[in-house]
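Asker: Chains as they are written, first to last, in numbering that gives the first Met the number 0: chain A, 0 to 309; chain B, 0 to 117. Quick one: structure below, then a few questions.
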Amino acid sequence: MSIFDRAAPGARPAVAGGIALAATLPALVMTFGSSPVAAHGIVGDRFFPATITTDDPAVADELSLPTVDTFQTADDPPARQVDISGEYSKRLTSRLGISIDGAWTEVDAPGAPRASGFQNLGTTLKYQGIANAPHELMVTVGLGVDWGRTGDERVGASPTTALTPTLYFGKGAGDLPESLGWAKPFAVTGVIGYSVPLSADEPRTLNTGFAFEYSMRYLSSHVRDLGLPRVVNQLTPLVEVSLSTPTANGAGPTTGTVNPGVIWSGQHMQIGAEAIIPINAASGHNVGVVVQVHWFLDDLFPRSIGRPIW
Amino acid sequence: MRALIIGLAVALAFGQAAAAHAFLDRAEPKVGSRIAAPPTQVRLRFTQSLEPTLCVVKVDGPAGFGGAMAAQPLGGDSRVLVIGLRKPVPAGRYVVRWRVVSVDSHTTAGDFSFEVRP
């Protein structure tokens, strides 16, 4: 879940369009050829780290805990918001997984008592339809649900349940020609989701997110070993972009952030940090920060909770 | 959230010993390198212990290359595979393709090249 997903609840009972999309996408991706699926974002030679702001296309046994972010809201005067969140993802089969996420929020607004509480509970069902090793390509479809009335409205939790059919993808540049070897460590992951609240009064939103990555591990083990220290070869500098655009039941500007940062990936966990830069005044004030610790449960417990159930 | 934390703590307390995916850590000749002297072997060091019998490494070279022997584990270090090269090892570009299985059964694969230019 994006840490900004919860900023885009919605409204309206007519969700047939969204459900139809969710039902159609798996059929589309299943028509393509695919390769065996590895866990936590590995396809062929490519390791996609778990991105912080936008969800990645991997179906995996993993745990993001904790994710801590702080930023100034778009209010005037701005409030200081702190979120502490977590997400647990479990593979049901090698390609089908489910995740559950939650967050605790504290909002400190000038001239107002400090408010704190939990955001709505979120769940996501994901199916990885394409894992093409030669082209380092992953395509996954999912359905996210933000469960209304499970959080505290004082910190922005919506009373309305919202469904978000989502398309996820990841593509590595490892299939570029040898003459462009320096560019092979590049990869991009992305999400495109349409949030449909089950209430007529809240806006539907188009949620998009992208992560542009450069894998130092890929550089050192596939292209050229520059003799850098191991810890440097475990880094992935990246820039994430997260956008939310109201499309129906209420107008408003596109909001979002650009988040440059870096992820260090070890054998069993990764640690990442990013700056949070609002794209406009409607998205926030000043620069925030987000830090995440992410655990590879399939590597920590390969013969127990790190395996698919079926 | 509290249940999540408790669940993780229980799992950490009672889970089995952890292993992980094996990634290529170092290679000799180095990945992407250009060397003057023909090598007698390729040595691959991974980030995890391997199941050597399930690992496959292929080395392709220019015309006249004598070929590569089967990958063998380095005695005493289950993270290292050694692939002997049969003579002749002429000048040219060599491509090493590996597919390994770590001790916890995770499979990873990759490739890289090096060049011999006296």
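All C-beta atoms, glycine included, are put in the ideal place defined by N, C-alpha and C.
Just to confirm, is the Cβ distance from residue 213/A to residue 185/A under 7 Å?
Answerer: Yes, the Cβ-Cβ distance between residue 213/A and residue 185/A is below 7 Å.
Asker: Which residue wins for smallest C-alpha separation from residue 61/B, given the options 102/B, 23/B, 107/B and 95/B?
Answerer: Residue 95/B is the option with its Cα nearest to residue 61/B.
Asker: Excluding the 5 residues preceding and the 5 following residue 109/B in the sequence, name in chain order all residues of the same chain whose CB lies nearer than 7 Å to its CB.
Answerer: Cβ neighbours of residue 109/B beyond the five flanking positions: 23 and 97.
Asker: Is the Cβ of residue 126/B closer than 7 Å to any Cβ of chain A?
Answerer: With chain B running from 0 to 117 in the structure shown, residue 126/B is simply not present.
Asker: Who are the Cβ neighbours of residue 236/A in its own chain at under 7 Å, not counting the five residues just before and after it?
Answerer: Hits under 7 Å: 213 and 261.
Asker: Give the DSSP-derived three-state secondary structure of residue 53/A in the structure shown.
Answerer: Coil at residue 53/A, not helix or strand.
Asker: Would you kindly work out how many angstroms separate the C-alpha atoms of residue 106/B and residue 292/A, rounded to a whole number?
Answerer: Answer to the nearest angstrom: the Cα atoms are 25 Å apart.
Asker: Name the residues in the segment 30–63 of chain B whose C-beta lies less than 9 Å from a C-beta of chain A; which are they?
Answerer: Of all residues in the segment 30–63 of chain B, 30, 31, 32, 46 and 47 have a Cβ within less than 9 Å of some Cβ in chain A.
Asker: Pull up the distance between the alpha-carbon of residue 93/A and that of residue 53/A, whole angstroms please.
Answerer: Approximately 22 Å, taken between the alpha carbons.
Asker: Excluding the five sequence neighbours on either side, which residues of its own chain have a C-beta within less than 6 Å of the C-beta of residue 277/A, listed in chain order?
Answerer: Cβ within range, chain order: 256 and 283.
Asker: Any C-beta of chain A sitting closer than 7 Å to the C-beta of residue 180/B?
Answerer: This structure cannot speak to residue 180/B, because chain B is shown only from 0 to 117.
Asker: Residues of chain B with a CB under 7 Å from the CB of residue 220/A: which are they?
Answerer: Chain B residues near residue 220/A: 22, 23, 30, 109 and 111.
Asker: Which word fits residue 203/A, buried or exposed, when buried means at least 16 other C-beta atoms lie within 10 angstroms of its C-beta?
Answerer: Flag for residue 203/A reads buried.
Asker: Verify whether the separation of the beta carbon atoms of residue 209/A and residue 61/A is less than 7 Å.
Answerer: The answer is no: Cβ separation not under 7 Å.
Asker: Which term fits residue 86/B, buried or exposed, when burial requires 16 or more other beta carbons within 10 angstroms of its beta carbon?
Answerer: Counting Cβ neighbours within 10 Å, residue 86/B comes out exposed, since fewer than 16 surround it.
Asker: How big is the Cα-Cα spacing for residue 234/A and residue 182/A?
Answerer: Taking the straight line from one Cα to the other gives about 16 Å.
Asker: Count the CB pairs spanning the segment 113–122 of chain A and the segment 93–105 of chain A that are closer than 8 Å, and state whether there are at least three.
Answerer: Contact between the segment 113–122 of chain A and the segment 93–105 of chain A is present, because at least three Cβ pairs lie under 8 Å.
Asker: Enumerated in chain order, which unbroken segments of the beta strand (DSSP E) with a length of 3 residues or greater are wholly contained in the segment 62–99 of chain B?
Answerer: Listed in chain order, the complete beta strand (DSSP E) runs (minimum 3 residues) inside the segment 62–99 of chain B are 71–73 and 76–83.
Asker: Using three-state DSSP, classify residue 294/A as helix, strand or coil.
Answerer: Of the three classes helix, strand and coil, the one that applies to residue 294/A here is strand, per DSSP.
Asker: In chain B, what lies closer than 8 Å to residue 224/A by C-beta?
Answerer: Near residue 224/A (Cβ distances below 8 Å), the residues of chain B are 25, 26, 29, 30, 31 and 32.
Asker: In chain B, which residues lie less than 7 Å from residue 43/A when you measure between Cβ atoms?
Answerer: The contacting residues are 108.
Asker: Do you know offhand how far residue 139/A's Cα is from residue 166/A's?
Answerer: If you take the alpha carbons of residue 139/A and residue 166/A, they lie about 6 Å apart.
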